[in-house]
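Visitor:
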Amino acid sequence: MTQSFRTLSAPFEFEIDKIKNSRFLSALAPTKDEESAKAFVQEVRERYSDARHHCFAWRLGETGAIFRSSDDGEPSGSAGRPILNQLEGHEVTNLTCVVVRWFGGVKLGVGGLVRAYGGAAGKALDRAPILAVVIRVRVLLEFPYDCSGAVSGVLHGLGLQEQASDYGEVVRLELAVPKGEVPGLKFELAERTGARVRVDLPGD
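The sequence shown begins at 5 in our numbering and counts up by one.
1. Round the Cβ separation of leucine 99 and threonine 11 to the nearest angstrom and send it over; I've been treating them as touching at under 8 Å.
2. Per DSSP, which one or two residues make a beta bridge with phenylalanine 223?
3. Between Ala33, Asp75, Ala43 and Arg176, which has its C-alpha nearest arginine 105's C-alpha?
4. According to DSSP, is arginine 200 part of a helix, a strand, or is it coil?
5. Using a Cβ cut-off of 9 Å (strictly closer), state whether glutamate 178 contacts chain B.
6. Give the C-beta separation of arginine 140 and valine 203 to the nearest angstrom, bearing in mind that I take them to be a contact with Cβ-Cβ under 8 Å.
7. Quick one: using the 10 Å Cβ neighbour count with 16 as the cut-off for buried, is serine 53 buried or exposed?
8. With contact counted as at least three CB pairs below 8 Å, one residue from each stretch, are the stretch 117 to 125 and the stretch 23 to 32 in contact?
9. Can you tell which of Leu64, Gly109 and Lys24 has its C-alpha closest to the C-alpha of serine 42?
10. With distance defined between alpha-carbon atoms, name the residue in Arg119, Gln165, Trp62 and Gly157 nearest to lysine 36.
11. Tell me the rounded alpha-carbon separation between arginine 142 and valine 45.
12. So who's on the other strand from serine 40, going by DSSP bridges?
13. Less than 9 Å between the beta carbons of glycine 108 and isoleucine 23, yes or no?
14. Looking at leucine 205 and arginine 176, is the spacing between their C-beta atoms short of 9 Å?
15. Could you compute how far the alpha carbon of serine 13 sits from the alpha carbon of glutamate 19?
16. At which residue ranges does the stretch 155 to 186 contain complete beta strand (DSSP E) runs of 3 or more residues, listed in the order of the chain?
17. Give me the Cβ distance between glycine 77 and threonine 97, rounded to the nearest whole Å; I'm assuming they're in contact under 8 Å.
18. For a quick check, are the C-beta atoms of histidine 94 and aspartate 130 less than 9 Å apart?
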């Protein structure tokens, strides 16, 4: 069960040393979906419109299951896939990387391009501000009023705060709980209240 993922905390750019007069600049940005990923690629194309190639790759979703890469006119497999390999190797997701190339007049060959694009992406990722994001799930609690003290004690002990509440005939609370802490929350609530708290995970 994936409990966290690594992504970019802020946009980042890095340009490596020239390779046979060609310039390679990597532009990275956190992107949560394909729409934002496509928008970032287009933004980089417009910002560096004087470059010949804007090759890219993205990984999306908590496990990086959604991905795409593009060689943008370079030989097949020589640019987009090496960039994607770097995203996978650095175990990052919800992130898009565009490697911009200004052609220097000397062809690098497929092997040279693989090393150049992969190296440009890798060196940028080595320096980029990466953070770990804890995956939280929505949890709904329902319990009688006389369990309120015990429930509050459990939530306080686990460092959890309610996101929303409804005090009607029974108490209903909505929480955002780190995925890995859900089993512990269920156990503690059952122990402290005699299993009188109903715990729902919508969509689970």
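Positions of the beta carbon are idealized from the N, C-alpha and C atoms, including for glycine.
Guide: Reading off the structure:
1. 5 Å
2. Nothing can be reported for residue 223: it is not among the residues displayed for the chain, which extend from 5 to 208.
3. Asp75
4. coil
5. Absent from the structure is chain B; it holds one protein chain and no more.
6. The pair is not a contact, with the Cβ atoms about 15 Å apart (cut-off 8 Å).
7. exposed
8. yes
9. Inspection of the sequence shows that residue 42 is occupied by lysine rather than by serine. When each option's Cα is compared against that of lysine 42, the closest is Leu64.
10. Trp62
11. 32 Å
12. DSSP lists no partner for serine 40.
13. yes
14. no
15. 19 Å
16. 166 to 171 and 175 to 182
17. So it is not a contact: roughly 26 Å between Cβ atoms.
18. yes
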